[in-house]
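Which chain is which? The protein sequence lines are A, B and C, in order. Residues 494 to 839, numbered by the working numbering, are exactly what the first sequence covers, in order. Residues 494 to 839, numbered by the working numbering, are exactly what the second sequence covers, in order. Residues 494 to 839, numbered by the working numbering, are exactly what the third sequence covers, in order. A virtual CB, placed ideally from N, CA and C, is assigned to each residue, including glycine. Working notes, structure below.
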Amino acid sequence: MGVTLGELAAKFGCELHGAADQVITRVGTLSGAGPDAITFLANPAYRMQLAGTRAAAVILEERNRSDCPVASLVHPRPYLIYARIASSLYPPPVPRPGVHVTAVLASGARVAPTAEIGAHVVIGEGVTIGAGAVIGAGSVLGDGVSIGASTRLGPRVVVFERVRIGARCILHSGSIVGADGFGFAPDAGTWQKIPQVGSVVVGDDVEIGANTTIDRGAIEDTIIEEGVKLDNLVQIAHNVRLGAHTVIAAMAGVAGSTKVGERCMIAGGVIIMNSLNICDDVMFTFGSVVTKSVDEPGKYSGQLPAELSSRWQKNVARFRQLDSLADRVSAAERAVAQLQDQKKND
Amino acid sequence: MGVTLGELAAKFGCELHGAADQVITRVGTLSGAGPDAITFLANPAYRMQLAGTRAAAVILEERNRSDCPVASLVHPRPYLIYARIASSLYPPPVPRPGVHVTAVLASGARVAPTAEIGAHVVIGEGVTIGAGAVIGAGSVLGDGVSIGASTRLGPRVVVFERVRIGARCILHSGSIVGADGFGFAPDAGTWQKIPQVGSVVVGDDVEIGANTTIDRGAIEDTIIEEGVKLDNLVQIAHNVRLGAHTVIAAMAGVAGSTKVGERCMIAGGVIIMNSLNICDDVMFTFGSVVTKSVDEPGKYSGQLPAELSSRWQKNVARFRQLDSLADRVSAAERAVAQLQDQKKND
Amino acid sequence: MGVTLGELAAKFGCELHGAADQVITRVGTLSGAGPDAITFLANPAYRMQLAGTRAAAVILEERNRSDCPVASLVHPRPYLIYARIASSLYPPPVPRPGVHVTAVLASGARVAPTAEIGAHVVIGEGVTIGAGAVIGAGSVLGDGVSIGASTRLGPRVVVFERVRIGARCILHSGSIVGADGFGFAPDAGTWQKIPQVGSVVVGDDVEIGANTTIDRGAIEDTIIEEGVKLDNLVQIAHNVRLGAHTVIAAMAGVAGSTKVGERCMIAGGVIIMNSLNICDDVMFTFGSVVTKSVDEPGKYSGQLPAELSSRWQKNVARFRQLDSLADRVSAAERAVAQLQDQKKND
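And the structure:
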């Protein structure tokens, strides 16, 4: 337990200023870290906290070093280095290989000997679970599911039949992958269910948040490419494709058959309509509603910021008359032009 | 396994063009279907894929038949016929009657002999489960719950005490029916909980999406009428009534005591405020916020479409000054009118 | 079973008008209550139902008493008194002390003898469960979790390692407390996960809705202060602090590191951005998107109300030209001013 600053500097390619034999056992915030903790300065908003830190060491950029009252690990990308150091100090728990006595395995399930199957797990026929995978307590895997090596399912995850999950993924508690997409044909005032016979394919290194839902495809598969990160309570509808390394924050949703490119960043509460194409490298800000395809990388917005209701209501009332206001402006412009013409002719 | 085109044409009332003895074993998309698959053309956006299809047959309207390079099943409503054919090719799995050895049943539970009770299910006192019903692994049913015949609960569904679910319903994984409504009375800066003593009544042929929540009524019941379809992550608050055959897409919510009529279509992310009345046959588009009752059928919207942030910010800044802009227009109009008057008097 | 009106009047400090020995066994609505039920009138919208009520008694304000056709309990705050009387008539079920035979307890778990541990529960090492607590069926508690006295977890709740829950809390079914926050550092087009090493601290008398998620802190803890009430499908991100007695309705979310003050009221579907400070006593109305800190108590709004799409589309089209419309108004104003000047000089 613990590593020295010298070891960290060497392992993560930083320039060390301070005692190489200082032992680090934990991480902390700039303002809260104690003398055995390492912290970082990445966001300029926290720069004023640097002078007062009591951390053992701070990961920071060269330009901030002179203001650091304690040891420092200098690197041009302190946030990334912090992430790597924290990952080394707090590795995920080592799987405890074996199948809990209360788990229920159907015939033909192939579980790697190094995988951990938790209490009350239910595993269907023909399931494959890779080396070092962890299936959290109470999870349910349908027939024919495959779980890649070193993938971790939290407690109470459900993965439906034939869904394929890659390696090194994290499926957080309560997430549901492969339930039916929402498809119905109208039938004389009622709805005829359309069987959802596709599946879901999840690439490597994907993270899926708590209580997030990803539906199986109607005919072909819903695709989550490698490196995608989904936050909590996200909805991914049937036949969506999410490009590699795209991130989606909490409470955002992507409707059916929409394709989202690679490295997109979708903020919390964003709703993306069905059957759109969003190109690579697009960012949508908080709460936007996306109604059209986007074919140009960049930052897109669609939310009006909340303000005092008294003021808001006045502007809303005007908004609801905006079309006629615009007509009035046109009329005024014509009248002015006419007056100007008359003036000229005077 | 498999059915001939001739059988399908006869059973579903289509006009067959092609070999009646062609065997169909699966469904596919226009572009992806292979020679043993049937597909359909309903959305004109996919019409251009028709010429290249390698499917065994396409379900389509008469007007598209001449462009179809393979066999066709002609019907004026191809999407509905597709839904019916797919349902016949992919029936839900047949229940495996019996109670799993790990399930926990309280005294007095009446489970039909043809029902399937999955692993680790917990069933309360006096529960009634109808013929052919399926209770997915890890589901929990409170005391006095009744589940209608042929209704299917996915894994990890929770149905609270006294809730009544109709026949032929589908409750997807993670859905929760009958948890407490959100009711508190203010009490000197704190909140006094109001017991939620009503229940939930769900009609026949209702589908409830993954991780969707439907709260029990405060005093009387929350009502979900027959044929309602709810997508994932939908919230239905206490004392809501949803009229028959209304559909609600993912991440939409209906707040307390609001009544929604029959055959309404509520798109993803819509928020409907409390204590409203929405009449029959209303459609709300993606992301709308509904703040007033609606007494006229039709299509309603409330979302601003996202656009490039640079452009968006300019319009938002103007929106925040909209009330004063409107005042300026009025002032300009008065000034113009005065100038026009003066002109006339010149 | 049952209590007299005289007992209720004495216990809850009301003035009784009517027979003191009338027995009350249940609550009802003004319109639906029968002759053994008590009801209340608090919202003026229901006043017209008073004359027709068949309840045994109505809790109401003095000013409404003369219109009440049955017995009444008079109090200046009828809704609060209703909440208290209903709570006394419908107490939560008494815990059935003991650990269900199917529950799985790790070594070192300390469960109070009066606590109830449901079927298929999984409890980690070193967990502490207080007197009279109830852990619903299928719930999972990670290592080192502590649950306060008289706290109730519904079925299938997950509480992660080291999370501390106060006394008299209610965690509804499907809620997840302490899953990883959403934190990643960009790394050459991919994302490096940042270990979430903080925890969650939940105060006393907190209620957490069905399928709601509260993430653990990145370094320090996420804090939910006493008396907070969260509805269903709410997302609380890492390092958020919610002040005492704040209420958040369904489908609202608070992004990372945002601090919300005490006694705030956040309506359904509200999205609050990250790293903001919201002061005490702030109300946000349905569907608002909050993009800036708020340092003044009051009511804030940000949603445009849905209207007929035909009308809406016209206003949206104008909104998208709003910046240029404002420029045109400025130009017209200048032209008018020039004409007025010329007029003066004529």
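On the CB-based measure, 16 or more other CB atoms within 10 Å of its CB, does residue i come out buried or exposed?
i              : result
P648 (chain B) : buried
G601 (chain B) : exposed
R655 (chain B) : buried
G754 (chain A) : buried
D839 (chain A) : exposed
M744 (chain C) : buried
P571 (chain B) : buried
P584 (chain B) : exposed
M766 (chain C) : buried
T518 (chain C) : exposed
N603 (chain C) : Correcting the residue type first, residue 603 (chain C) is Arg in the shown sequence and not Asn. With fewer than 16 Cβ atoms within 10 Å of its Cβ, R603 (chain C) is classed as exposed.
Q806 (chain C) : exposed
S786 (chain C) : exposed
R657 (chain C) : buried
L801 (chain B) : exposed
E789 (chain A) : exposed
Does residue i come out as helix, strand or coil in the three-state DSSP assignment?
i              : result
Q814 (chain C) : coil
D529 (chain B) : coil
Q785 (chain C) : In the sequence under discussion, the amino acid at residue 785 (chain C) is Lys, which differs from the Gln named in the question. Of the three classes helix, strand and coil, the one that applies to K785 (chain C) here is coil, per DSSP.
A548 (chain A) : coil
D698 (chain B) : coil
Y793 (chain A) : strand
I640 (chain B) : strand
E555 (chain B) : helix
G591 (chain A) : strand
L534 (chain C) : coil
G499 (chain C) : helix
R645 (chain A) : strand
D680 (chain B) : strand
R661 (chain B) : coil
A564 (chain B) : strand
R519 (chain A) : strand
I687 (chain B) : coil
E609 (chain A) : strand
V650 (chain C) : coil
Using a Cβ cut-off of 7 Å, pull out every chain B residue sitting near residue i, in sequence order please.
i              : result
R821 (chain A) : V822, E826
D673 (chain A) : H665
V520 (chain C) : V690, I712
List the residues of chain B that residue i touches, going by C-beta distances under 8 Å, in chain order.
i              : result
D697 (chain C) : Ordered by position in chain B, no residue passes the 8 Å Cβ test against D697 (chain C), which lies about 11 Å from the chain.
F812 (chain C) : L797, N808, F812
T644 (chain C) : Ordered by position in chain B, no residue passes the 8 Å Cβ test against T644 (chain C), which lies about 14 Å from the chain.
T683 (chain A) : D698, G720, H738
Give the interface partners of residue i over in chain C, defined as CB-CB distance under 9 Å, in chain order.
i              : result
V809 (chain A) : S794, Q796, L797, P798
List the residues of chain A that residue i touches, going by C-beta distances under 9 Å, in chain order.
i              : result
L523 (chain C) : Here the premise fails: no neighbours, minimum Cβ distance about 30 Å.
Cβ closer than 7 Å: which chain C residues qualify as neighbours of residue i?
i              : result
K836 (chain A) : L832, Q835
S802 (chain A) : T778, K792, Y793, S794
List the residues of chain A whose Cβ lies closer than 7 Å to the Cβ of residue i, in chain order.
i              : result
Y583 (chain B) : P688, V690
Could you work out which residues of chain C lie near residue i, taking near to mean beta carbons separated by less than 8 Å?
i              : result
A579 (chain A) : I687, P688, V690
Name the chain B residues that come within less than 9 Å of residue i, Cβ to Cβ?
i              : result
A531 (chain A) : Looking at the sequence shown, residue 531 (chain A) is not Ala but Ile. Result: empty, since nearest Cβ-Cβ is about 36 Å, beyond 9 Å.
- In the stretch 709–782 of chain A, which residue ranges form an unbroken beta strand (DSSP E) of at least 3 residues, counting only runs that do not cross its ends? 715–717, 775–777
- Message: Output needed in chain order: residues of the stretch 727–760 of chain B with a Cβ under 8 Å from some Cβ in chain C.
- Response: Within the stretch 727–760 of chain B, those residues whose Cβ lies closer than 8 Å to any Cβ of chain C are, in chain order, Q728, A730, M744, G746, A748.
- Message: Any C-beta of chain B within less than 7 Å: which residues of the stretch 607–638 of chain A qualify?
- Response: So the close ones are H613, V615, G631, V633.
- Message: So if I threshold CB-CB distances at 7 Å, which residues from the stretch 761–788 of chain A count as touching chain B?
- Response: I764, M766, F777, T778, S781, V782, V783, T784, K785
- Interface positions of the stretch 696–724 of chain A facing chain C (Cβ-Cβ less than 8 Å), listed along the chain: D698, E700, G702, A703, N704, G720, K722, D724
- Could you list the residues in the stretch 551–579 of chain A with a C-beta less than 9 Å from some C-beta on chain C, going in chain order? R570, Y572, L573, I574, Y575, A576, R577, A579
- Let me know the alpha helix (DSSP H) ranges lying completely inside the stretch 611–637 of chain A, each 4 residues or longer, listed in chain order. Entirely contained in the stretch 611–637 of chain A, not one alpha helix (DSSP H) run reaches 4 residues.
- Task: Could you name the residues of the stretch 646–657 of chain B whose beta carbon sits closer than 7 Å to any beta carbon of chain A, in the order they occur along the chain?
- Result: G647, P648, R649
- Taking any Cβ of chain A, which residues in the stretch 590–602 of chain B have a Cβ under 7 Å from it, in chain order? T595
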